[in-house]
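I have placed the structure first, in the form of structure tokens, so that the comments after it can refer back to it.
Number of protein chains: 2
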Amino acid sequence: MDHPKAVLFDAYGTLFDVYSVGLLAEQLFPGQGQALSVLWRDKQIEYTRLVTTSNDGAHYQPFWDLTRAGLRYACKRLGLELTDERELRLMNQYRHLSAFPENREVLQVLRTRGITTGILSNGDPQMLGIAVRSAELDGLLDHVISVDSVRKYKTHPDAYRLGVQAVKKPAAQILFVSCNAWDALAATWFGYRTLWVNRYGVPFEELGTQPTRIGTSLDDVLAFFD
Amino acid sequence: MDHPKAVLFDAYGTLFDVYSVGLLAEQLFPGQGQALSVLWRDKQIEYTRLVTTSNDGAHYQPFWDLTRAGLRYACKRLGLELTDERELRLMNQYRHLSAFPENREVLQVLRTRGITTGILSNGDPQMLGIAVRSAELDGLLDHVISVDSVRKYKTHPDAYRLGVQAVKKPAAQILFVSCNAWDALAATWFGYRTLWVNRYGVPFEELGTQPTRIGTSLDDVLAFFD
Numbered sequence: 001m002d003h004p005k006a007v008l009f010d011a012y013g014t015l016f017d018v019y020s021v022g023l024l025a026e027q028l029f030p031g032q033g034q035a036l037s038v039l040w041r042d043k044q045i046e047y048t049r050l051v052t053t054s055n056d057g058a059h060y061q062p063f064w065d066l067t068r069a070g071l072r073y074a075c076k077r078l079g080l081e082l083t084d085e086r087e088l089r090l091m092n093q094y095r096h097l098s099a100f101p102e103n104r105e106v107l108q109v110l111r112t113r114g115i116t117t118g119i120l121s122n123g124d125p126q127m128l129g130i131a132v133r134s135a136e137l138d139g140l141l142d143h144v145i146s147v148d149s150v151r152k153y154k155t156h157p158d159a160y161r162l163g164v165q166a167v168k169k170p171a172a173q174i175l176f177v178s179c180n181a182w183d184a185l186a187a188t189w190f191g192y193r194t195l196w197v198n199r200y201g202v203p204f205e206e207l208g209t210q211p212t213r214i215g216t217s218l219d220d221v222l223a224f225f226d
Numbered sequence: 001m002d003h004p005k006a007v008l009f010d011a012y013g014t015l016f017d018v019y020s021v022g023l024l025a026e027q028l029f030p031g032q033g034q035a036l037s038v039l040w041r042d043k044q045i046e047y048t049r050l051v052t053t054s055n056d057g058a059h060y061q062p063f064w065d066l067t068r069a070g071l072r073y074a075c076k077r078l079g080l081e082l083t084d085e086r087e088l089r090l091m092n093q094y095r096h097l098s099a100f101p102e103n104r105e106v107l108q109v110l111r112t113r114g115i116t117t118g119i120l121s122n123g124d125p126q127m128l129g130i131a132v133r134s135a136e137l138d139g140l141l142d143h144v145i146s147v148d149s150v151r152k153y154k155t156h157p158d159a160y161r162l163g164v165q166a167v168k169k170p171a172a173q174i175l176f177v178s179c180n181a182w183d184a185l186a187a188t189w190f191g192y193r194t195l196w197v198n199r200y201g202v203p204f205e206e207l208g209t210q211p212t213r214i215g216t217s218l219d220d221v222l223a224f225f226d
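Which chain is which? The protein sequence lines are U and V, in order.
Residue numbering for the first sequence follows UniProt numbering, starting at 1 and increasing by one per position.
Residue numbering for the second sequence follows UniProt numbering, starting at 1 and increasing by one per position.
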């Protein structure tokens, strides 16, 4: 099979470590940092699905707003007092998530080989812009694509289609990379070649479809070009 | 405001206790029964969303199959060995979930007042048929509606619309009752009058919409008819 012509990366969880907020969460709520960061993330994703599935996107809210809603829910659920100041600090931390360490080098190698690179993310444009600049990835990406323009989140096909439209190649010639199993699954359904980066050693989804390949870090992207 | 002309109930989690599988799960996997029943349920619901949102329902699988997929995922994730025999026993238990104790009486009162009653559920017709008969609710329901006919799960509007079509009244004249916050939320978005039965004392979703009313058991349905 030909090498992919382009590589699109999921952002949150894939290039940026969504659990890196856990340290601040632990500082603000001792003993509850991990529980808060996990529930916050779960709820954020759940909310993207609820607003996308219901009423054909009529209840869309930008990812930033859903992220804050997820934080508020998670704190209430865990019985943690989220003052305005704590919310501001946690949300600000979310704006500047740590990037996984291997990212830059992988993107650099792709660029030197002339492969088109990009992000295809649920994040809204402003969040993505700040995250990309914070992680100093801005010179390494041809496309930074937000689902915000279609007001539907992944795993809606309108969201995945944005990648095809930006790259101007068929999905089968594009490698889509995600650490989120649901994202790798749905991108496979959409028609992308896919790499699921299983950072945390968890099972893949049990829905009868497998990603093209499974790896353990973003370095495994490069094996598609051997 | 006029009394509702009909009451539609969610089934799983509302009329039937999805966590009642926890006892058998605990017997099969000591110390892990609760974790398994919670993760199983979460994954089952997540799968309904993934197959509904992705590719306009092209990856639809019946609720029974998604329930089994969720069980398999949850066991792998928790490192529990799901033999064929254990899977069979747990799935069989799921077929015969306990009904919450107040259900029959509430349905009986509604019937004596001439209110149309029904179920509007993600469950497939066979599962619903068995569950309703097991709980001896079959004489008390005018409609048992499965989303299976539209091959999309709640919270998709096509799924909620089935209730309006069956009852032949506008959504605003129908009370939709669910113990699942996301279900009560999306039914409110759809246009139903809603009662969220908060059995477990958890927060409502933080997406800016409230259900018409919040209660603590199905008995609170009757207050809509005072």
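Note that the Cβ used here is the ideal one computed from N, Cα and C, for glycine as well.
Endpoints, alpha helix (DSSP H) assigned at residue i
i: LEU24 of chain V; result: 22-28
i: SER37 of chain V; result: 33-53
i: ALA6 of chain V; result: That residue, ALA6 of chain V, is in no alpha helix (DSSP H); its beta strand (DSSP E) goes 6-9.
i: LEU90 of chain V; result: 84-95
i: residue 232 of chain V; result: Residue 232 of chain V cannot be examined here, being either before or after the span of chain V that is shown, 1 to 226.
i: PHE190 of chain U; result: 181-190
i: LEU137 of chain V; result: Unbroken run through LEU137 of chain V: none, as it is neither H nor E.
i: LEU66 of chain V; result: 63-78
Nonlocal neighbours in the same chain, by C-beta distance under 7 angstroms from residue i, ignoring five residues either side
i: TRP182 of chain V; result: THR155, GLU205
i: HIS3 of chain U; result: PHE224, PHE225
i: TYR47 of chain V; result: LEU66, ALA69, GLY70
i: ASP84 of chain U; result: none
i: THR209 of chain U; result: LEU185, THR188, TRP189
i: PHE100 of chain U; result: LEU15, ASP17, LEU218
i: GLY191 of chain U; result: ALA171, ALA172
i: LEU24 of chain U; result: ARG89, LEU90, GLN93
i: VAL109 of chain U; result: LEU222
i: PHE29 of chain U; result: LEU36, LEU80
i: MET127 of chain U; result: PHE63, TRP64, ARG95
i: GLU102 of chain V; result: SER217, LEU218, ASP219
i: residue 244 of chain U; result: In the structure as shown, chain U starts at 1 and stops at 226, and residue 244 of chain U therefore has no counterpart that could be examined.
i: GLY124 of chain V; result: It is Asp, not Gly, that sits at residue 124 of chain V in the sequence shown. Only PRO62, PHE63, TRP64, SER146, ASP148 meet the Cβ criterion.
N-terminal and C-terminal residue of the beta strand (DSSP E) that residue i is part of
i: ARG213 of chain V; result: 213-215
i: SER134 of chain U; result: From DSSP, SER134 of chain U is part of no beta strand (DSSP E) but of the alpha helix (DSSP H) over 125-134.
i: THR194 of chain V; result: 193-197
i: PHE176 of chain V; result: 174-178
Close-in-space but distant-in-sequence residues of the same chain around residue i (CB under 6 angstroms, 5 per side omitted)
i: PRO211 of chain U; result: ALA184, THR188, THR194, TRP196
i: LEU39 of chain V; result: ALA74
i: GLU87 of chain V; result: none
i: LEU60 of chain V; result: The question names Leu, but residue 60 of chain V in the sequence shown is Tyr. Excluding sequence neighbours, TYR60 of chain V sits near VAL51, ARG151.
i: HIS96 of chain V; result: SER134
i: ASP158 of chain V; result: VAL150, LYS152
i: ARG41 of chain V; result: VAL18
i: PHE176 of chain U; result: LEU8, ALA187, TYR192, THR194
i: GLY57 of chain V; result: ARG151, LYS152
Own chain, CB closer than 8 angstroms to residue i, minus 5 neighbours either side, in chain order
i: ASN198 of chain U; result: CYS179, ALA181, PHE204, ILE214, GLY215, THR216
i: residue 237 of chain U; result: Residue 237 of chain U falls outside the range modelled here, since chain U spans only 1 to 226, and no answer is possible.
i: LEU207 of chain U; result: LEU185
i: SER149 of chain U; result: LEU162
i: ARG72 of chain U; result: LEU82, GLU87
i: ILE174 of chain U; result: PRO4, LYS5, ALA6, VAL7, LEU8, GLY163, VAL164, VAL167, TYR192, ARG193
Chain-ordered neighbours of residue i on chain B, where CB pairs are closer than 8 angstroms
i: LEU141 of chain V; result: Absent from the structure: chain B. Protein chains present are U and V.
Problem set entry | Cβ contact check for the segment 76-91 of chain V and the segment 22-36 of chain V: 3 or more pairs under 8 angstroms | yes
For this session: With 7 angstroms as the limit, tell me which residues of the segment 145-177 of chain U have their beta carbon closer than that to any beta carbon of chain V; keep them in chain order.
Result: THR155, HIS156, PRO157
For this session: Entirely within the segment 97-122 of chain U and at least 3 residues each: give me those beta strand (DSSP E) ranges in chain order.
Result: 116-121
Problem set entry | Residues from the segment 66-78 of chain U in contact with chain V, defined by Cβ distance under 7 angstroms | ALA69, ARG72, TYR73, LYS76, ARG77
Problem set entry | Any 3 or more C-beta pairs closer than 8 angstroms across the segment 10-27 of chain U and the segment 125-139 of chain U | Look at the beta carbons and you see the segment 10-27 of chain U touching the segment 125-139 of chain U: at least three pairs across the two are nearer than 8 angstroms.
For this session: Tell me, please, whether the segment 40-60 of chain U touches the segment 49-58 of chain V by the rule of three or more beta-carbon pairs shorter than 8 angstroms.
Result: yes
Exercise. When you check each C-beta in the segment 44-64 of chain V against every C-beta of chain U, which residues fall closer than 8 angstroms?
Worked result: For the segment 44-64 of chain V, residues whose beta-carbon sits nearer than 8 angstroms to a beta-carbon of chain U comprise GLU46, TYR47, ARG49, LEU50, VAL51, THR52, THR53, SER54, ASN55, ASP56, ALA58, HIS59, GLN61.
Exercise. When Cβ atoms are compared, which residues of the segment 187-206 of chain V fall closer than 9 angstroms to chain U?
Worked result: Within the segment 187-206 of chain V, the qualifying residues are TRP189, PHE190, VAL202, PRO203, PHE204, GLU205, GLU206.
For this session: Anything in the segment 15-42 of chain U with a Cβ closer than 7 angstroms to a Cβ of chain V? List those residues in chain order, please.
Result: none
Problem set entry | chain U contacts made by the segment 85-97 of chain V, where a contact means CB separation under 7 angstroms | Of all residues in the segment 85-97 of chain V, none has a Cβ within less than 7 angstroms of some Cβ in chain U.
Problem set entry | Cβ-based contacts, 9 angstroms cut-off: residues of the segment 111-131 of chain U near chain V | none
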